[in-house]
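Number of protein chains: 2
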Amino acid sequence: MSSTFVINNTKSKYCALKSIPVESVKLTDKFWSERIKTMEEVTLPLQYELLEETHRIDNFRRASGKISGDFVGFFFNDSDVYKWIEAVAYLLSYKKNEKLEGLVDSVIEEIRLAQDEDGYLDTYFTFEKKQDRWTNLKDMHELYCAGHLIQAAVAYRRATGKASLLNIAIKLADHIARIFGPHGREGTSGHPEIEMALVELYRETNDKKYLDLARFFIDERGKGVIGGSSYHIDHKPFRELNEIVGHAVRSLYLNSGATDLYMEIGDETLLDALERLWSNLVEKKMYVTGGAGARKEGEAFGEEYELPNETAYAETCAGIANLMWNFRMLQTLGEARFADIMELCLYNGVLSGISLDGKEYLYVNPLADRGNHRRQRWFACACCPPNIARTITAIPGYMYSVSSDGIWVHLYASSILKLDINSSSVTVKEETDYPWDGNIEFVLEANSHFKLFLRKPGWCEKFSVSINGEKVNPILENSYIVIEKDWQEGDTVRLNLVMNPELLESHPKVKDNVGRVAIRRGPIIYCVEAEDNPWGDVWDLEISEGTGLVEEYRDILGGLVVVKGEGYVNDPESWNGLYLTRGNARALKREIEFVAIPYYAWANRTPGPMEIWIKRS
Amino acid sequence: MSSTFVINNTKSKYCALKSIPVESVKLTDKFWSERIKTMEEVTLPLQYELLEETHRIDNFRRASGKISGDFVGFFFNDSDVYKWIEAVAYLLSYKKNEKLEGLVDSVIEEIRLAQDEDGYLDTYFTFEKKQDRWTNLKDMHELYCAGHLIQAAVAYRRATGKASLLNIAIKLADHIARIFGPHGREGTSGHPEIEMALVELYRETNDKKYLDLARFFIDERGKGVIGGSSYHIDHKPFRELNEIVGHAVRSLYLNSGATDLYMEIGDETLLDALERLWSNLVEKKMYVTGGAGARKEGEAFGEEYELPNETAYAETCAGIANLMWNFRMLQTLGEARFADIMELCLYNGVLSGISLDGKEYLYVNPLADRGNHRRQRWFACACCPPNIARTITAIPGYMYSVSSDGIWVHLYASSILKLDINSSSVTVKEETDYPWDGNIEFVLEANSHFKLFLRKPGWCEKFSVSINGEKVNPILENSYIVIEKDWQEGDTVRLNLVMNPELLESHPKVKDNVGRVAIRRGPIIYCVEAEDNPWGDVWDLEISEGTGLVEEYRDILGGLVVVKGEGYVNDPESWNGLYLTRGNARALKREIEFVAIPYYAWANRTPGPMEIWIKRS
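Top line first, the protein sequences correspond to chains A and B.
Taking the numbering used here, I'd label the letters of the first sequence as residues 2 to 618.
Taking the numbering used here, I'd label the letters of the second sequence as residues 2 to 618.
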């Protein structure tokens with residue numbers, strides 16, 4: 002059995018960092034361990050039931066002739082099954098679970114039976130629809146589904162050693178490679194995803210054909226072979242892109258694939274485009290939650306600075322795609338700015354996508370709501386539920402990296418990391434109450450010389466480091482605190498990231514946030530929700546400009562730190578006109594104390610108004 | 002020659018106040034006198050030329066067979082000619098001008114020749130279109146044009162004693178009365194206007210048929226005879242309306258007509274509906290400039306609190322209609338809240354509609370602009386230019402009213418008012434630098450007992466009154482300061498309305514104004530415009546919360562008081578991301594001094610950004 006990686010770039014030439022096996026990290030924390038436990042006990046078994054209930058697995062049975070009837074659901078529903086397998090695979094890499102593994106094996110058998118002799122596999126294009134295969138790459142998501150199959154197959158192979166699904170994926174990938182490519186048909190996917198999958202298949206099999214195919218699909222863009230729209234990111238060659246546009250998930254999956262490709266082939270024009278797109282996203286089109294995609298129409302990016310709150314789309318999958326892309330950029334360049342976005346997404350715009358009990362989901366993650374937008378147990382288009390599952394079970398794999406220099410810590414959580422650095426075994430025991438507390442202790446079991454790179458989060462302005470109790474002047478490189486040392490057994494590094502609640506202001510061109518502030522504490526973005534604020538409508542809250550923000554641990558919503566402060570209720574009913582002098586308007590305002598909770602925890606209680614960007618008085 | 006009134010409600014039973022003749026007030030001020038002079042010397046002659054140039058008068062010549070060719074322009078273009086005549090009429094009531102009178106007479110002759118034997122008059126529905134007369138009341142504005150003809154005719158008759166146009170109007174009104182009514186065809190106008198015209202025609206002729214017809218047209222609404230849409234205010238019977246909706250000008254003209262009707266027939270269900278509509282407008286749908294109509298689409302009111310700034314429609318005609326309606330409500334109820342809105346409209350959202358040189362117009366009056374929205378010399382749909390002309394030449398008629406108790410002063414300007422109160426002649430000499438100064442002096446030449454009612458503007462919180470140098474404790478009734486006295490020659494009343502620049506805040510539900518303030522000084526709403534603020538883009542200005550606002554008279558833009566203050570430029574280019582802590586954001590801001598000018602004067606210089614609602618820091 003090989004190691005399980007989110008991406009296995011250990012042999013990639015053009016990257017600063019190397020990913021580590023998911024199972025090399027044993028989480029011992031409360032925050033993520035609890036969520037992974039919920040994944041194992043609640044979410045993944047329930048998702049299997051839902052895949053059955055909604056005939057997603059039946060579609061494979063039907064394709065193989067086992068059962069009759071019509072294909073059920075959306076034409077891309079196979080992908081949900083694959084993502085669920087991928088989610089289980091990461092879990093199995095560090096947690097034995099015969100029941101889930103047995104379920105996956107039985108599903109893989111259904112998939113195997115559904116595959117055509119020639120390798121084709123997509124249960125929608127069977128029987129009477131067989132003739133339509135590969136005729137509409139723009140809309141019909143065959144390559145997208147294939148990508149998810151490949152990702153699941155590689156993960157399952159790595160986690161269990163079983164080649165059953167990988168053989169199916171290879172057979173399909175070979176089929177695709179026979180059809181498309183420089184010497185075959187032109188084409189690329191209307192919904193990117195296969196690009197990163199093919200690079201990973203190349204990494205797993207060492208068969209360069211898959212890398213070439215990934216490159217081909219990226220290079221095909223901008224030629225108009227799928228219609229030439231910016232919605233499909235087909236309006237320009239990838240290397241000429243300046244602005245992040247189109248369907249948010251597609252755009253970010255494409256960037257992920259292009260980053261994977263860069264790590265293998267090292268083409269600077271690719272990296273330049275990726276840097277431009279990254280800046281454009283982070284400086285002009287990303288929500289404060291890490292969410293991406295301002296518009297419901299087309300699930301798409303809007304104009305620069307178009308970031309409405311109530312109508313924000315910020316699909317859970319787009320937050321995940323943002324995390325995936327930034328993880329790849331982080332591996333490529335080894336700069337903390339990418340880990341900052343990963344962390345932002347993970348604790349906010351991604352985690353908001355699943356209920357605390359692991360049973361319900363948000364597809365869309367608005368930053369303000371009247372209480373009407375509620376979690377659902379499933380969706381007709383169910384991309385988000387298994388996507389968030391595969392993200393959470395893979396979390397240990399996102400936390401650290403290695404380089405020839407040493408160990409990189411990106412995301413903080415109590416955990417035990419075991420790996421070899423230059424053939425010498427190292428154990429790092431990390432202890433922290435992160436994300437609620439910025440004190441982090443690392444105890445090392447090592448007997449070698451290397452650097453420990455500790456990420457200084459972008460949100461953190463003050464921090465201190467001590468080694469074996471002695472304070473040191475930290476050296477910062479690309480915003481990692483670098484500690485170089487001959488490490489001894491029991492060496493202890495303590496990092497204190499000063500974590501206080503603070504008010505954020507939005508870029509002046511974001512119209513919808515003028516006069517508003519958001520509360521952030523460490524990596525967590527807060528919101529005010531009705532249930533904690535019985536004094537009125539949270540939409541009428543004005544935060545006092547000079548208020549002291551107070552933090553308080555509460556045993557609600559799974560345990561979390563709330564932020565309290567002083568403000569005013571500007572009761573709309575008390576206004577007897579539209580316009581008042583500032584003095585007269587102030588006289589109508591009532592002083593109150595508000596309570597803010599982490600945004601990820603919203604919509605888990607009685608429905609009511611919520612908002613992140615709060616007016617300031 | 003009779004007296005010229007904006008409305009002659011001297012014999013109306015159901016009204017608290019009576020309008021006074023336009024010519025009973027001689028303006029001696031700088032502000033309005035200058036504008037009336039520009040009207041006489043520039044605007045009215047130029048508008049005549051434009052009416053000729055655009056074939057609006059030719060359409061009459063064509064209808065009478067004098068010239069051949071097609072009807073030119075919009076089907077409602079006759080109305081522009083009528084409004085121009087009305088504008089000249091008010092001017093002629095107090096200023097002899099043979100040239101303009103001669104022009105009007107010649108135009109009236111063209112109109113006369115264009116009228117059919119049966120009284121029908123609308124130059125669009127002639128020749129091949131004759132068969133379509135009265136077939137599409139919803140869209141084709143025949144009754145609207147008739148209304149403007151009647152208003153012009155009544156005004157011209159009153160101002161000059163000449164019955165030429167009135168005879169034409171009566172012939173048309175009789176024609177309409179033969180067709181429509183309880184015993185004739187059902188119908189009402191898609192574009193209200195005729196209602197108030199018919200009431201005025203009744204007041205002028207004492208022929209009750211016209212009043213009945215006005216009532217009929219109002220009572221027809223809500224029956225679906227013009228399609229039943231809320232856009233046409235045909236979705237409900239008028240007396241059941243709760244929310245001001247639809248095309249803004251139509252809605253406000255309709256309310257004007259209904260108020261005129263109420264003054265004659267006194268139906269409380271009418272007044273109740275008018276009060277509900279007024280509250281809805283003023284509390285939920287009116288711009289701080291008095292502008293009405295949030296949406297370009299349909300030139301219509303939006304939802305409650307939907308008051309966007311950059312895309313505000315706020316048509317000049319809608320501001321005028323708002324003034325007209327409030328003048329009628331003021332006459333009806335004698336409460337200053339209506340005069341407050343008149344004043345607001347007049348100095349802001351109406352006056353902005355014409356350039357300082359009297360040669361160019363704004364049709365749409367946005368509250369924020371990038372410098373692209375510019376004045377034009379005319380419009381294909383040219384309703385606004387002659388409408389603002391008839392408003393400005395009639396201004397003396399809006400300033401005062403009388404009641405059996407005495408004299409009411411609504412709008413302040415240096416002027417000499419001469420009239421009889423209970424058969425005793427009274428002269429009021431008013432001296433003030435209003436709207437730049439709140440000191441107002443009244444010297445009375447009178448020898449009788451009556452009350453002087455001086456409006457305490459809604460914008461004014463502090464004021465004082467003295468009589469013959471002695472300070473008095475003012476009595477307020479419906480926000481008029483009431484001074485009852487046996488008046489003697491030379492009695493002097495001094496009113497001091499404390500006038501300071503102040504910041505306004507918007508109702509919390511007006512999304513686009515969150516975190517923003519507007520500057521008001523007395524009746525004037527201010528804006529920041531590029532030319533006075535060379536430090537950067539005025540859209541990036543943040544007014545300092547505690548700034549002292551300083552006023553300064555400047556000899557620019559016709560002479561006006563500017564307001565200066567301290568603020569910050571929040572330079573968007575200096576932000577290297579989307580979200581900063583308040584502290585880091587503040588560090589990027591540059592302190593500057595800004596200069597604000599009255600909104601009415603914007604767009605008279607080099608194009609550049611402008612806004613009324615300014616961010617506060």
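Ideal Cβ positions, reconstructed from N, Cα and C, are used throughout, including at glycine.
Reduced DSSP secondary structure (H/G/I, E/B, other) of residue i
{"i": "B/H149", "result": "helix"}
{"i": "A/Y314", "result": "coil"}
{"i": "B/S402", "result": "strand"}
{"i": "A/P22", "result": "coil"}
{"i": "B/M325", "result": "helix"}
{"i": "A/K510", "result": "coil"}
{"i": "B/L368", "result": "coil"}
{"i": "B/D140", "result": "coil"}
{"i": "B/V429", "result": "strand"}
{"i": "B/V73", "result": "coil"}
{"i": "A/T189", "result": "coil"}
CB of residue i within 8 Å of CB of residue j, strictly
{"i": "A/R617", "j": "A/E543", "result": "yes"}
{"i": "A/Y95", "j": "A/P397", "result": "yes"}
{"i": "A/R62", "j": "A/G74", "result": "no"}
{"i": "A/G292", "j": "A/G247", "result": "no"}
{"i": "B/I422", "j": "B/F451", "result": "yes"}
{"i": "B/D513", "j": "B/P610", "result": "no"}
{"i": "A/E241", "j": "A/G225", "result": "no"}
{"i": "B/A395", "j": "B/L28", "result": "no"}
{"i": "B/R522", "j": "B/P502", "result": "yes"}
{"i": "A/L199", "j": "A/E265", "result": "no"}
{"i": "B/Q48", "j": "B/A604", "result": "no"}
{"i": "B/L262", "j": "B/P193", "result": "no"}
{"i": "A/K14", "j": "A/G267", "result": "yes"}
Any C-beta of chain A under 8 Å from that of residue i
{"i": "B/W576", "result": "yes"}
{"i": "B/R555", "result": "no"}
{"i": "B/P573", "result": "yes"}
{"i": "B/P509", "result": "yes"}
{"i": "B/V95", "result": "It should be noted that the sequence gives Tyr, not Val, for residue 95 of chain B. Answer no: the Cβ-Cβ gap between B/Y95 and chain A never drops below 8 Å."}
{"i": "B/M611", "result": "no"}
8 Å Cβ shell around residue i - same chain, five flanking residues per side excluded
{"i": "B/N9", "result": "S20, R159, E201, R204 and E205"}
{"i": "B/K100", "result": "P46"}
{"i": "B/S449", "result": "I422, N423, S425, V427, D487 and W488"}
Residues near residue i by beta carbon distance below 7 Å, same chain, minus five either side
{"i": "B/L420", "result": "I21, S25, V403 and V427"}
{"i": "B/F77", "result": "H142, Y145 and C146"}
{"i": "B/N323", "result": "L253, G291, A293, I342 and C346"}
6 Å Cβ shell around residue i - same chain, five flanking residues per side excluded
{"i": "A/F181", "result": "G188"}
{"i": "A/V511", "result": "Y306 and L308"}
Below-8 Å beta-carbon distance, residue i vs any chain B residue
{"i": "A/G516", "result": "yes"}
{"i": "A/L504", "result": "yes"}
{"i": "A/M287", "result": "yes"}
{"i": "A/K463", "result": "no"}
Contact list for residue i against chain D, beta-carbon separation under 7 Å
{"i": "A/K616", "result": "Here chain D cannot be found, since the structure's protein chains are A and B."}
Practice item. Please confirm if the region 285-298 of chain A is in contact with the region 340-348 of chain A, defined as three or more CB-CB distances below 8 Å between the two stretches. Key: yes
Check your understanding: With a cut-off of 8 Å, do at least 3 Cβ pairs link the region 410-418 of chain B to the region 527-544 of chain B?
Key -> no
Review point. Three or more C-beta pairs closer than 8 Å, one from the region 492-499 of chain A and one from the region 431-443 of chain A: is that the case here?
Key: yes
Exercise for review: Please confirm if the region 560-574 of chain B is in contact with the region 590-610 of chain B, defined as three or more CB-CB distances below 8 Å between the two stretches.
Suggested key: yes
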